[in-house]
Amino acid sequence: MIEILNAAQLEKARVTGALVADILQACRAAAAPGVNLLDIDRLTKEMILSAGAESCYVDYAPSFGNGPFGHYICTGVNDAVLHGLPRDYELVDGDLLSLDLAVLKDGIAADSAISFIVGESRPAESVALIEATEEALAAGIAAARPAGRLGDISHAIGEVLTSRGYGVNTDFGGHGIGSTMHQDPHIPNQGRSGRGFRLRRGLMIAIEPWVMSDTDELVTDPDGWTLRSATGCRTSHSEHTVAVTDAGIEIITLPSHL
1 MIEILNAAQL
11 EKARVTGALV
21 ADILQACRAA
31 AAPGVNLLDI
41 DRLTKEMILS
51 AGAESCYVDY
61 APSFGNGPFG
71 HYICTGVNDA
81 VLHGLPRDYE
91 LVDGDLLSLD
101 LAVLKDGIAA
111 DSAISFIVGE
121 SRPAESVALI
131 EATEEALAAG
141 IAAARPAGRL
151 GDISHAIGEV
161 LTSRGYGVNT
171 DFGGHGIGST
181 MHQDPHIPNQ
191 GRSGRGFRLR
201 RGLMIAIEPW
211 VMSDTDELVT
221 DPDGWTLRSA
231 TGCRTSHSEH
241 TVAVTDAGIE
251 IITLPSHL
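Just so you know, we're using UniProt numbering here: the sequence shown kicks off at 1 and counts up by one.
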């Protein structure tokens, strides 16, 4: 199903999106060496519930996972890039941490992801990965425009990632979002310009580049959820929810103080 939101729903989306961004920033500030991933999950739970919102993850049980997910945020460390199940692990200096969060408030969802390095270390490989996904995200958003095509977004993302020497896995990518977290259309992170669904006012999508440093193959942890690079290499993941409006493309998942 491809859902088209009305003006009232888009206004609700802005509130949900700001909440998602604020929680991610709070979790980033809390993610210091010695902090446990389960503590980050608890902080997320507290902030979601105190805002009168709902987690999109706790009861999430798609066909590709060993559901229900049972936690409030995805926490991927180093080689874990997608659907990272929070576990009893204490962060150390130099870890590359990816946080992915989707929340539902007043019937509308928003979804965003950030990657960053924990502590004071700045490993060159990790810096390059994070820069690549952030640049690809910016390129994908810039390529989105009313009456444009989804393929324009996929092409822009893929051009950035491949130009930096990374392989692109198209099994998981961006997606439609609205009254539920995951909807059609699927937005692969590589594609051809001028192809695919035409963007129209009221469409809301999550643009979601992710990359692994030396492979495009994933393996699944025994937990049935966490997806890691097949080679154990480091990974990165960036995501924003955006909406198509009369004025153009609006980023929904920005912090409330901006």
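C-beta atoms are modelled at their ideal positions from N, C-alpha and C, and glycine is treated no differently.
- Beta bridge pairing from DSSP links residue 82 with 227.
- About 7 Å separates the Cβ atoms of residue 248 and residue 146, confirming a contact at the 8 Å cut-off.
- Beyond the five residues adjoining it in sequence on each side, residue 100 comes within less than 6 Å, by CB distance, of 74, 113 in the same chain, given in chain order.
- Among the bridge pairs identified by DSSP, residue 100 is matched with 74, 113.
- Going by C-alpha positions, residue 94 is about 16 Å away from residue 81.
- Using a Cβ distance threshold of 7 Å, residue 185 and residue 2 count as a contacting pair.
- Residue 49 is classed as exposed because its beta carbon has fewer than 16 other beta carbons within 10 Å across all chains shown.
- When rounded, the separation of the alpha-carbon atoms in residue 134 and residue 149 is 21 Å.
- Contact check between the stretch 84–91 and the stretch 206–218: fewer than three CB pairs, one atom from each, fall below 8 Å, which does not count as touching.
- Annotation: the continuous alpha helix (DSSP H) that includes residue 15 extends over 7–30.
- Put simply, the backbone Cα of residue 51 is about 36 Å away from that of residue 152.
- Residue burial is scored here from C-beta neighbours: residue 166 has at least 16 other C-beta atoms within 10 angstroms and is therefore classed as buried.
- Excluding residues up to 5 positions away in sequence, 36, 38 lie with their Cβ nearer than 7 Å to the Cβ of residue 88 in the same chain.
- In this structure, the CA atom of residue 92 is about 7 Å from the CA atom of residue 119.
- By the Cβ test, the stretch 59–71 is not in contact with the stretch 2–21, since fewer than three Cβ pairs between them sit closer than 8 Å.
- About 6 Å separates the beta carbons of residue 204 and residue 13, which is inside the 8 Å limit, making them a contact pair.
- Closest in alpha carbon position to residue 143, among 220, 102, 121, 190, is 190.
- Around residue 66, the same chain offers 223, 224, 225 as residues with beta carbons nearer than 8 Å, after the five sequence neighbours per side are excluded.
- In this chain, residue 199 is not harboured by any beta strand (DSSP E), its DSSP state being neither H nor E.
- A straight-line Cα-Cα distance of about 18 Å links residue 193 and residue 244.
- If you draw a straight line from the Cα of residue 175 to the Cα of residue 33, it comes to about 33 Å.
- By the neighbour-count definition (other C-beta atoms within 10 Å, threshold 16), residue 252 is a buried residue.
- Here residue 130 has 115, 236 as same chain residues with Cβ atoms under 6 Å from its own Cβ, once five neighbours each way along the sequence are excluded.
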